[in-house]
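Residue numbers (my numbering): 587 to 993. Don't be surprised by glycine CBs; every beta carbon is placed ideally from N, CA and C. Since we're looking at a predicted model, the values are computed, not measured.
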């Protein structure tokens, strides 16, 4: 109870400190807005001036069945896929030759006995051979094929059930094969004809397809992060060493003061973030409902707490004020860079992309893009909540250990 009183007291004191410095705070908050908007506008103009060409992909059919031929034709002619990928049938020798000449990003191979495995319950996989010189494009093709294979394997049980049921009927093998083939076609059309299929699998590069919208959201995200950093340091006590000794005499811990700083920084930054977010919606002319606002607040609220706690952890671990600020600046710049707000994560090396997905800033910015540009109805913030819980545990453990060492 005494700890809560101390936190409330320092929270009130921090609000008074902000009130006394009200004349300098707006300048500090407006300055990063001007800089980031100018840089984002420049990058958006550069990205928007480049016309993205479709990725060239080959298809090799070793099975030579009517099922694989139909899949190849649909993939070749699908309007949703052809916007981003140009698919052409070819032989294996021709595909390898074009890979060497850097004329193909990748080629897809339907393995031998593909159809037989499909109808007998064995796992069916489409094989993708990428071009080392076009790693990003190869990753796009791999993501698409992984999605298609997952849908085919998911519908395989239904096809097998229908096949087994048809065997019990008094019909010929040809009629049974026709029934199974019709069922296969229905599942295939459902898989490849979904309008949001490509966007769900993040094959779209929003930085190229919607550069103004993408970098407007990125700018808001970066500015919000900088605001959090500025507000956290705006409450810094100059006479920190002497003040800490005085507080210890009254039973006040450094952890309680940091919690008060986090609370004040969080509240003020949320006010600025939500105000600027409403302005962003007006600029982008986006129609938002109550549920969308709730999701954005949930995402950015959790992200803000994680980021502020990470700054607190660095503050707890470092004694030198200059070194502490340097580490926090490096940390802030690193997580902004990894988020994809400056450079889309699709351009990062492939071997790092799976690891980057677990960075909380990358997850936050990805969720923002899903909601604002892809109209996602459902988001999963589980990773952010897990990161938040871990960060709370870390800062608490570090504070307790530091308190014992100081005593």
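Taking the alpha helix (DSSP H) that residue i belongs to, which residues open and close that run?
i, result
"residue 719", "From DSSP, residue 719 is part of no alpha helix (DSSP H); its letter is neither H nor E."
"residue 888", "876 to 903"
"residue 676", "Note, residue 676: premise wrong, no alpha helix (DSSP H); not H, not E."
"residue 803", "797 to 820"
"residue 842", "840 to 870"
Helix, strand or coil: which one does DSSP assign to residue i?
i, result
"residue 944", "coil"
"residue 788", "Here the model assigns residue 788 a pLDDT of 42, short of 50, so the residue's position is not dependable, and the following value carries that caveat. Residue 788 falls in the coil class under three-state DSSP."
"residue 643", "strand"
"residue 983", "helix"
"residue 671", "strand"
"residue 601", "helix"
"residue 699", "coil"
"residue 651", "coil"
"residue 929", "coil"
"residue 712", "coil"
"residue 966", "coil"
"residue 782", "Bear in mind that the predicted position of residue 782 carries a pLDDT of just 43, short of 50, making it unreliable; the figure below should be weighed with that in mind. If DSSP states are grouped into helix, strand and coil, residue 782 belongs with coil."
"residue 688", "coil"
"residue 924", "helix"
"residue 726", "helix"
"residue 959", "coil"
"residue 951", "helix"
"residue 873", "coil"
"residue 683", "helix"
"residue 977", "helix"
"residue 934", "coil"
"residue 988", "helix"
Drop a sphere of 10 angstroms on the beta-carbon of residue i, count the other beta-carbons inside from all chains shown, and report buried for 16 or more, exposed for fewer.
i, result
"residue 622", "buried"
"residue 783", "The predicted position of residue 783 is uncertain, since its pLDDT is 44 and thus under 50; no value can be drawn from it."
"residue 661", "buried"
"residue 750", "exposed"
"residue 643", "buried"
"residue 861", "exposed"
"residue 652", "exposed"
"residue 717", "buried"
"residue 949", "buried"
"residue 754", "exposed"
"residue 801", "buried"
"residue 923", "exposed"
"residue 624", "exposed"
"residue 538", "Limits of the chain in this structure are 587 at one end and 993 at the other, which puts residue 538 out of reach."
"residue 898", "buried"
"residue 764", "exposed"
"residue 979", "exposed"
"residue 847", "buried"
"residue 931", "buried"
"residue 760", "exposed"
"residue 620", "exposed"
On the DSSP letters alone, give me the boundaries of the beta strand (DSSP E) that residue i sits inside.
i, result
"residue 695", "692 to 696"
"residue 754", "Taken as a continuous stretch (DSSP letters only), residue 754 belongs to no beta strand (DSSP E), as it is neither H nor E."
To the nearest whole angstrom, what separates the beta carbons of residue i and residue j, a pair I think is in contact under 8 Å?
i, j, result
"residue 885", "residue 970", "7 Å"
"residue 799", "residue 912", "Rounded, the Cβ-Cβ distance is 35 Å, inconsistent with contact."
"residue 892", "residue 946", "5 Å"
"residue 692", "residue 714", "6 Å"
"residue 906", "residue 855", "The pair is not a contact, with the Cβ atoms about 26 Å apart (cut-off 8 Å)."
"residue 942", "residue 934", "6 Å"
"residue 925", "residue 815", "About 14 Å separates the two Cβ atoms, so there is no contact after all."
"residue 844", "residue 901", "7 Å"
"residue 984", "residue 903", "7 Å"
"residue 957", "residue 881", "6 Å"
Under a CB-based cut-off of 7 Å, is residue i close to chain B?
i, result
"residue 818", "Here there is only one protein chain, and chain B is not present."
* the segment 911 to 928 contacting the segment 875 to 892, beta-carbon criterion three pairs below 8 Å -> Look at the beta carbons and you see the segment 911 to 928 not touching the segment 875 to 892: under three pairs across the two are nearer than 8 Å.
* **the segment 682 to 697 touching the segment 643 to 655, judged by at least three CB pairs closer than 8 Å** => Counting Cβ pairs under 8 Å, three or more are found: they touch.
* With contact counted as at least three CB pairs below 8 Å, one residue from each stretch, are the segment 864 to 872 and the segment 810 to 817 in contact? -> As far as the Cβ criterion goes, the segment 864 to 872 does not touch the segment 810 to 817, which means the pair count is below three.
* Asked: Should the segment 814 to 821 be regarded as contacting the segment 842 to 858, the criterion being three or more beta carbon pairs within less than 8 Å?
  -> Contact annotation: the segment 814 to 821 touches the segment 842 to 858, with at least three C-beta pairs closer than 8 Å.
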